[in-house]
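**Student:**
Protein chains: 2
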Amino acid sequence: MSAVSDLQFDTACPDTRTLVEHVTSKWGVLVLLALDGRTMRWSELKREIDGVSEKMLIQTLQTLEADGLVLRTARPVVPPHVEYTLTTPGHEAVTLLAPLVSWAFHRAQTRSVA
Amino acid sequence: MSAVSDLQFDTACPDTRTLVEHVTSKWGVLVLLALDGRTMRWSELKREIDGVSEKMLIQTLQTLEADGLVLRTARPVVPPHVEYTLTTPGHEAVTLLAPLVSWAFHRAQTRSVA
DNA sequence: TGGGGTACCAACCTCAAGGTGAGTAGGCTG
DNA sequence: CAGCCTACTCACCTTGAGGTTGGTACCCCA
Chain A
1 MSAVSDLQFD TACPDTRTLV EHVTSKWGVL VLLALDGRTM RWSELKREID GVSEKMLIQT
61 LQTLEADGLV LRTARPVVPP HVEYTLTTPG HEAVTLLAPL VSWAFHRAQT RSVA
Chain B
1 MSAVSDLQFD TACPDTRTLV EHVTSKWGVL VLLALDGRTM RWSELKREID GVSEKMLIQT
61 LQTLEADGLV LRTARPVVPP HVEYTLTTPG HEAVTLLAPL VSWAFHRAQT RSVA
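Note that the protein sequences, when read in sequence, are chains A and B.
Residue numbering for the first sequence follows the UniProt record's numbering, starting at 1 and increasing by one per position.
Residue numbering for the second sequence follows the UniProt record's numbering, starting at 1 and increasing by one per position.
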C-alpha cells in the first residue's frame, strides 16, 4: 500500500513538488482546463477565466510554458496576436486533473445541499 | 470537448474551487498521500512529511477534517493519543490525486535528466 | 486627431499564508 | 523533584502571492 509515498515525494525530489504545485495552483488549474481541447488567445483566456488578473494570467502561462505544458505561438503583427495551446504533456496533465475537479464539483454539490 | 469547463468551474461555484484548493494545496497533497491506506498519529505524520511546520500540519488536518476527507480520533489520555485516517471520500481523493503526482514525478525525472 | 484594441512589462502595495517560539496538562521516568 | 512526552493553542513576525496602476508599440477606425 501507499505506492505513491514510495516515490519519495519529499524534500528529496523538490522538482515533483514544484511541478505538482504549478499544475494544481489556483490559476494553473483553470488555465489548463480552459485550454483543454482548444487553442485560445490571451484575451480569450482572460475573459474565460473569471477573476484572474492580467499579472497572474501572464505569470501562470509563463510558468506552464516553462514546464513544457503550454505552447505559446506569437505572430509579430500589430496588434499582437498570441495563441496558447496545450502540449502533449499538458494534455496528459489535464486528463489527470479533470477527474479530480469533477469529483470536487460533485462533492461540493452534495455537501452544500446536505 | 472541454467537458470540465461545462461544469462552470468559475466564480459561480466557489465551493468546487475551495475544495480543489484544499486537496491540491502544498501540504494537503502530502497529508493525503501519507494517510493513503494507513492510520497515523500526529507525530508520525510530522516525521513523515518532510519540512512541514507544526502549525501547517495542524491547520491542514483541520481543514481536511472539516471537508470530511480525514477522520480524527482522539483518546483522552495523558499524554494525548490522536489518530488520523482517511474517510471514504478522502480515499477517493487520493485515488484521483495519486496518478497526477505519479505523472509529475516521472515527468520531473525525465526533464531533469534531459 | 485621438481613442480603442492586443499582449504584455515594471513598480508598488497589501494582506494572508506560513514559519518561529513559547506555553499547557499531567502522568511517567530517572 | 526535575524534566520529558504528546498534541496541540496562541502570539508574533516574515515572506511572497497576488492585485492595482501606469506605460508601451503600432495600427485601425471614426
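Glycine residues also receive a C-beta, built at the ideal position from the N, C-alpha and C atoms.
(1) Starting from residue 85(B), trace the beta strand (DSSP E) in both directions and tell me its first and last residue.
(2) Counting only Cβ pairs nearer than 7 Å, list the residues of chain B close to residue 65(A).
(3) Sort out for me which residues DSSP pairs residue 186(B) with in a bridge.
(4) Taking the alpha helix (DSSP H) that residue 28(B) falls in, what are its first and last residues?
(5) What does a CB cutoff of less than 6 Å around residue 23(A) pick up in its chain, not counting 5 residues either side in sequence?
(6) Using the three-state DSSP reduction, which class does residue 12(B) fall into: helix, strand or coil?
(7) Using a Cβ-Cβ distance cut-off of 8 Å, determine whether residue 42(A) contacts chain B.
(8) When the distance is taken between beta carbons, is residue 27(B) closer than 8 Å to residue 115(B)?
(9) Run the CB neighbour count on residue 50(A), radius 10 Å, all protein chains shown included, and call it buried at 16 or more, exposed below.
(10) Helix, strand or coil: how does DSSP classify residue 38(B) here?
(11) Need the endpoints of the alpha helix (DSSP H) that residue 159(A) sits in, please.
(12) Taking all protein chains shown into account, do 16 or more other C-beta atoms lie within 10 angstroms of the C-beta of residue 52(A), making it buried, or fewer, making it exposed?
(13) Quick one: what's got a C-beta closer than 6 Å to residue 21(B)'s C-beta in the same chain, skipping five residues either side?
(14) Under 8 Å Cβ-Cβ, which residues of chain B neighbour residue 46(A)?
(15) Using a Cβ-Cβ cut-off of 8 Å, state whether residue 112(B) counts as contacting chain A.
(16) Grab me the residues of residue 30(A)'s own chain with a C-beta within less than 8 Å of its C-beta, minus the 5 sequence neighbours each way, in chain order.
(17) So, at 7 Å on beta carbons, what are the nonlocal neighbours of residue 77(B) in its own chain, with the 5 sequence-adjacent residues on each side left out?
(18) Comparing alpha-carbon positions, which option in 87(A), 82(A) and 60(A) lies nearest residue 68(A)?
**Tutor:** Looking at the atomic coordinates:
(1) 81-86
(2) Neighbours of residue 65(A) on chain B: none; closest Cβ ~14 Å, over 7 Å.
(3) Because chain B is modelled from 1 through 114, residue 186(B) falls outside the range shown and cannot be assessed.
(4) 26-34
(5) 93
(6) Since pLDDT at residue 12(B) reaches only 49, below the 50 mark, its modelled position is unreliable, and no value is offered.
(7) no
(8) Shown here, chain B extends from 1 to 114; a query on residue 115(B) therefore has no answer.
(9) exposed
(10) coil
(11) With chain A represented from 1 up to 114, any question about residue 159(A) goes unanswered, as that position is not in the structure.
(12) buried
(13) Shown here for residue 21(B): not one same chain residue has a beta carbon closer than 6 Å to its own, the five before and five after excluded.
(14) None at all; the shortest Cβ gap to chain B is about 13 Å.
(15) yes
(16) 49 and 52
(17) Sequence-distant partners of residue 77(B) (beyond 5 residues in either direction) whose C-beta falls short of 7 Å from its own C-beta are missing from its chain.
(18) 87(A)
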